[in-house]
Amino acid sequence: MADPLPYYRVLRDHHPLYYVGKWDLYALSRFDDIWDVLAVSDGTFVASEGTLPAANVLAQHNTGPVPDPPLQPLPFHAVFDKPIYDDIRRLQSPAFRPRSVSDWEERVRVLANERLDELLPQGRFDLTCDYGGIVVAQVVCELLGIPIEFAAEMLAAVNAGSLAQAGSGVDTAAARPNYLEYLIPAVARRRAEHRSGELPIVDGMLAYRLPDGRALDDAEAATQLLCIFIGGTETVPKIVAHGLWELARRPDQLAAVRADLAAGVPAACDEMTRYCTPAQWFARTARKPFTLHGTTIEPGQRIITLLASANRDERQYPDPDAFHWDRPIKRSLAFGRGQHFCIGYHLARLEVTVLVAEWLRRVRQYRIVDDGATRLPSSFQWGWNSIPVEV
Ligand code: HEM
104 MADPLPYYRV LRDHHPLYYV GKWDLYALSR FDDIWDVLAV SDGTFVASEG TLPAANVLAQ
164 HNTGPVPDPP LQPLPFHAVF DKPIYDDIRR LQSPAFRPRS VSDWEERVRV LANERLDELL
224 PQGRFDLTCD YGGIVVAQVV CELLGIPIEF AAEMLAAVNA GSLAQAGSGV DTAAARPNYL
284 EYLIPAVARR RAEHRSGELP IVDGMLAYRL PDGRALDDAE AATQLLCIFI GGTETVPKIV
344 AHGLWELARR PDQLAAVRAD LAAGVPAACD EMTRYCTPAQ WFARTARKPF TLHGTTIEPG
404 QRIITLLASA NRDERQYPDP DAFHWDRPIK RSLAFGRGQH FCIGYHLARL EVTVLVAEWL
464 RRVRQYRIVD DGATRLPSSF QWGWNSIPVE V
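Just so we're on the same page, this note's numbering is the position in the sequence shown counted from 1, plus 103.
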């Protein structure tokens with residue numbers, strides 16, 4: 104994880120379905136293979152053990168399909184297949200549709216400018232956390248009904264929860280219990296208010312009924328919000344800060360994007376997302392046999408989709424390790440595909456675009472302090488947690 108890119112190239116070229124005996128899993132590294140496998144929607148692959156299973160889960164080898172966990176207390180819905188997963192996702196989706204997200208554009212712009220008003224006079228600060236990090240954490244607070252003053256500590260908690268010591272995986276369940284301390288009170292407050300309208304995601308969880316008619320308690324409803332809490336906070340700021348760094352390294356490209364912000368920024372943001380996205384892999388567990396490259400993956404075995412390798416696959420992107428702000432991107436796996444496709448796709452793209460555009464509009468000159476940037480160890484992320492910048 105110190106630098107996975109050379110390994111990905113070897114995997115793509117020589118071991119496109121690489122078996123890791125210790126975890127009884129196959130790593131998929133080619134764009135086309137991942138594209139096809141994630142499109143399989145007949146229950147062959149289910150996230151029964153989580154989309155980011157911990158090392159202690161993977162260390163247990165299954166001898167057949169993994170059954171659904173008990174329904175009480177209801178765990179995070181992504182571990183189920185139809186109907187529970189689909190029903191809960193359907194209740195969370197309306198808030199993330201293009202029309203709902205476009206209502207956020209002005210708010211994200213205001214939040215970005217409030218940060219810039221505070222940061223620019225300081226001259227030097229952390230481009231990852233102090234700028235984009237706080238803005239997106241504030242958006243998550245407003246989406247989920249968490250008081251906005253918790254944004255900074257939420258951001259710190261999410262960033263800390265992704266870290267691991269070399270050699271060990273992230274036990275996400277153990278690393279992340281404190282997230283519920285923000286979410287459970289938000290759900291409880293909403294339940295007590297008996298209102299409707301402004302918090303459709305939380306209201307959806309309160310309205311949800313399991314197939315046996317049971318409603319969720321506060322902790323169960325909060326658990327269904329964990330992925331929005333994490334996904335909404337941890338990725339966008341790293342892409343924005345790292346992407347602005349890549350532009351700063353290439354003055355000709357920076358000038359080209361600045362020349363027409365309205366047209367240049369959205370294109371540059373797509374390339375930033377391909378090039379800088381921190382999440383490296385997500386897992387699924389097979390429920391039915393599936394054959395790829397002549398090998399049959401048996402029920403109970405796992406696959407991991409190395410999305411970061413797909414983003415650098417030369418079969419899909421010519422000269423993949425070069426950053427070209429206007430690279431044509433016809434197909435992308437940066438947000439996944441199929442059943443678990445990023446629910447925050449439109450919001451994420453809006454946030455990246457607004458944060459980059461407002462930065463370039465207001466900051467005429469900036470310099471990244473290269474030797475102060477840190478990319479802390481994690482077993483599933485390779486992203487710049489901190490990028491000092493001077494303006
Ligand atoms: C540029 C930023 C982002 C990237 C690159 C990204 C990427 C991804 C990817 C690759 C997945 C699929 C995981 C899998 O296959 O198991 C995913 C899922 C998810 N993302 Fe994002 N994401 C981003 C931003 C966001 C934002 C802003 C939110 C919400 C506010 C969000 C919420 C989620 C959720 C809830 C899921 C789980 C979906 C499910 O399992 O049904 N993401 N994201």
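Ideal placement from N, C-alpha and C gives every residue a C-beta, glycine not left out.
Asked                                                                                                                                                                          : Found
Which residues in the same chain as residue 351 place their Cβ atom closer than 8 Å to its Cβ, once the five residues preceding and following it in sequence are excluded?     : 357, 469, 470, 471
Buried or exposed for residue 193, please, with buried defined as at least 16 other CB atoms from any protein chain shown within 10 angstroms of its CB.                       : exposed
Would the beta-carbon of residue 336 fall within 9 Å of that of residue 261?                                                                                                   : yes
Closer than 8 Å to a non-hydrogen atom of ligand 1 - does that hold for the CB of residue 346?                                                                                 : no
Can you tell me which of the three DSSP states residue 491 falls into?                                                                                                         : strand
Is residue 258 a contact residue of ligand 1, with contact defined as CB to any heavy atom under 8 Å?                                                                          : no
Does DSSP classify residue 385 as helix, strand or coil?                                                                                                                       : strand
Distance check for residue 475 and residue 415, CA to CA, integer angstroms please.                                                                                            : 26 Å
Please tell me whether, using a cut-off of 8 Å, the distance from the CB of residue 195 to the nearest non-hydrogen atom of ligand 1 is below it.                              : yes
Between the Cα of residue 369 and the Cα atoms of 256, 452, 300, which residue gives the shortest distance?                                                                    : 452
At 4 residues or longer, what runs of the alpha helix (DSSP H) sit wholly inside the segment 425–457?                                                                          : none
Report yes if the C-beta of residue 502 is less than 8 Å from at least one heavy atom of ligand 1; otherwise report no.                                                        : Residue 502 lies beyond the range of the chain shown here (104 to 494); nothing can be said about it.
Excluding the five sequence neighbours on either side, which residues of its own chain have a C-beta within less than 7 Å of the C-beta of residue 402, listed in chain order? : 167, 168, 389, 390, 391, 392
Cβ of residue 237 within 9 Å of Cβ of residue 263?                                                                                                                             : no
Does any heavy atom of ligand 1 sit closer than 8 Å to the C-beta of residue 202?                                                                                              : no
Go ahead and label residue 307 buried or exposed: buried means 16 or more other beta carbons lie within 10 angstroms of its beta carbon, across all protein chains shown.      : buried
Please find out if some non-hydrogen atom of ligand 1 comes closer than 8 Å to the beta-carbon of residue 419.                                                                 : no
Taking DSSP's pairing of strands, which residues face residue 121 in a bridge?                                                                                                 : 130
With C-beta atoms as the reference, is residue 427 less than 9 Å away from residue 120?                                                                                        : no
To test your reading of the DSSP string, which unbroken alpha helix (DSSP H) runs of 4 or more residues are found completely within the segment 204–247?                       : 208–222, 237–247
To which residues of the same chain is residue 136 closer than 7 Å at the C-beta, ignoring the five residues directly before and after it?                                     : 119, 395
Please report how far the alpha carbon of residue 201 lies from the alpha carbon of residue 300, in whole angstroms.                                                           : 18 Å
What is the residue span of the beta strand (DSSP E) that residue 405 lies within?                                                                                             : 405–408
Ignoring anything shorter than 4 residues, give me the alpha helix (DSSP H) runs that lie fully in the segment 298–374, in order along the chain.                              : 303–310, 321–326, 329–337, 339–352, 354–362
Which residues in the same chain have their Cβ closer than 8 Å to the Cβ of residue 293, if we skip the five residues on either side of it in sequence?                        : 248, 302, 305, 306, 309
So what's residue 191 in DSSP terms, helix, strand or just coil?                                                                                                               : helix
Assuming residue 400 is part of the beta strand (DSSP E), what are its boundary residues?                                                                                      : 398–400
Check whether the Cβ of residue 443 sits closer than 8 Å to any heavy atom of ligand 1, and report yes or no.                                                                  : yes
When burial is assigned at 16 or more other CB atoms within 10 Å of the CB, is residue 140 buried or exposed?                                                                  : buried
Measuring only from the beta carbon, is residue 389 closer than 8 Å to any heavy atom that is part of ligand 1?                                                                : no
Could you give the DSSP three-state label for residue 149: helix, strand or coil?                                                                                              : strand
Three-state secondary structure (DSSP) at residue 393?                                                                                                                         : strand
Rank 191, 267, 196, 460 by C-alpha distance to the C-alpha of residue 366 and give the top, closest one.                                                                       : 460
Going by beta carbon distance, what residues of the same chain come within less than 8 Å of residue 497, once the five residues before and after it are set aside?             : A query on residue 497 cannot be resolved here, the shown segment of the chain reaching from 104 to 494 and no further.
Could you give the C-beta distance for residue 148 and residue 387, rounded to a whole number, given that I count them as a contact under 8 Å?                                 : 4 Å
Going along the chain, which residues of its own chain have a beta-carbon closer than 8 Å to the beta-carbon of residue 489, five neighbours each way excluded?                : 229, 231, 232, 475, 476, 477
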